[in-house]
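See below for the structure under consideration.
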Amino acid sequence: MRAVVINEYGPSEKLTLVDLKEPSPRPDEVLIRVRAAGVNPVDWKIRSGMLKIVLWLKFPFIPGFDISGDVAAVGSRVTRFKPGDPVYAMLGPPRGGGYAELAVAPESAVARKAHSQSYIEAASMPVAALTALQGLRDLGRLKPGQSVLINGASGGVGTFAVQVARALGARVTGVCGPKNVGLVRSLGAEMVLDYTKEDFTAPGKTYDVILDAVAKSSFANCRKVLAPAGTYVTTLPNVDVLFQGMVLLPLLSLVGQYQRALTLFAKARWQDLEYLASLADEGKLKPVIDRVYLLDQARAAHDQSESERTRGKIVLEIG
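This note's numbering applies: residue 217 is where the sequence shown begins, and numbers increase by one.
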């Protein structure tokens with residue numbers, strides 16, 4: 217099978233298209249003939265070595281954690297799928313394997329793709345949409361009628377987060393650049409702040425939940441616009457969030473109401489993937505696709521992702 221691999225950390229030129237032996241599923245795994253693979257910022261951060269302190273790789277490594285395709289074979293203990301089923305899945309991290317014509321995934325990380333979606337759309341969803349859902353619903357404990365601010369609302373996680381928050385019944389404020397104000401409003405944000413003109417951390421309106429989808433702010437900066445019992449969720453750990461979690465939370469829990477700061481690491485749960493697919497089929501969740509590349513254009517896809525100027529998601533078309 218064709219696959220894109222890295223044999224060492226480095227720039228996008230380290231991505232190489234090679235021929236590899238086809239994988240075989242273990243008893244609890246599903247073998248998927250990949251039709252499309254999503255590209256996420258974590259892909260190039262891993263490739264560059266930025267995350268090697270916390271995520272050691274065994275080379276050669278196949279990047280990619282988002283896939284969609286058709287079931288090619290199933291392990292002996294798999295009960296929910298059969299060959300030919302159209303599915304989508306999240307492959308870790310640290311597993312990886314998405315930039316390839318065939319990939320294996322635990323049955324627990326696989327769900328049927330939405331009937332209304334193309335394979336391209338389905339492949340854009342797992343990591344980003346799961347991050348949005350789990351960050352808002354699970355960590356943020358977002359309830360109907362509450363207010364949420366999403367920083368980075370025009371990016372991969374942010375475009376899903378605006379729509380998921382609306383589906384959960386929240387009132388949404390999005391933060392983005394001037395070129396994307398219309399996009400974020402069209403996704404369902406009641407208010408959109410242009411970060412080049414407005415400082416969303418300036419005292420005034422407060423929010424029950426702040427999701428920092430691009431990890432560009434901090435808990436310290438956001439506290440003054442966070443409700444007294446509000447939650448700040450970031451997609452990348454930083455010093456003040458770690459300090460709050462390890463030192464302050466145990467103390468504050470003794471006195472009742474307090475602000476929380478949490479770091480989100482999306483988990484591959486088939487139940488959540490099924491829920492997201494149902495939102496898509498109900499017309500409540502529509503992926504924003506910036507650009508589609510072919511598998512042999514993975515370097516260009518990484519270069520675009522690394523520029524941090526992407527509207528929505530980048531996807532590799534494979535089969």
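Backbone N, C-alpha and C define an ideal beta-carbon position, used for all residues, glycine too.
Here DSSP, grouped into helix, strand and coil, assigns T347 to helix. For A339, the CB contacts under 7 Å within the same chain, skipping 5 residues up- and downstream, are A252, A253, G254, D282, I283, S284, Y304, V531 in chain order. For R263 against K230, the beta-carbon gap comes to about 6 Å, under 8 Å, which counts as contact.
Below 8 Å, too few C-beta pairs join the region 398-405 and the region 334-349 to call them touching: fewer than three.
Sequence-distant partners of G385 (beyond 5 residues in either direction) whose C-beta falls short of 7 Å from its own C-beta, in its chain, are P360, G361. Inter-segment contact for the region 286-298 and the region 346-366 is absent: fewer than three beta-carbon pairs are separated by less than 8 Å.
If you compare the alpha carbons of V380, G371, G372 with that of V364, the shortest gap goes to V380.
In the structure shown, N367 falls within a strand segment according to DSSP collapsed to helix, strand and coil. Remark: fewer than three beta-carbon pairs, one from each stretch, lie closer than 8 Å, so the region 317-337 and the region 259-276 are not flagged as touching. For G372, the three-state secondary structure derived from DSSP is helix. Looking from the CA of L307, the closest CA among R439, K500, R485 belongs to R485. When the alpha-carbon of D428 is set against those of P444, S370, E406, L403, the nearest one is in S370. The beta-carbon distance between L409 and T389, rounded to whole angstroms, is 7 Å. This is short enough to meet the 8 Å contact definition. Judged by beta-carbon spacing, R387 lies beyond the 7 Å limit of E414, meaning their Cβ atoms are not closer than that value. The residues G265, in chain order, have a CB closer than 6 Å to that of Y225 in the same chain once the five nearest residues on each side in sequence are set aside. With fewer than 16 neighbouring CB atoms inside 10 Å of its own CB, V234 falls in the exposed class.
Of the other Cβ atoms in all chains shown, 16 or more fall within 10 Å of the Cβ of R476; this residue is therefore buried.
Under the three-state reduction of DSSP output, K359 falls in the coil class, being neither helix nor strand. The beta strand (DSSP E) runs lying completely inside the region 224-251 and spanning 3 residues or more are 232-235, given in chain order.
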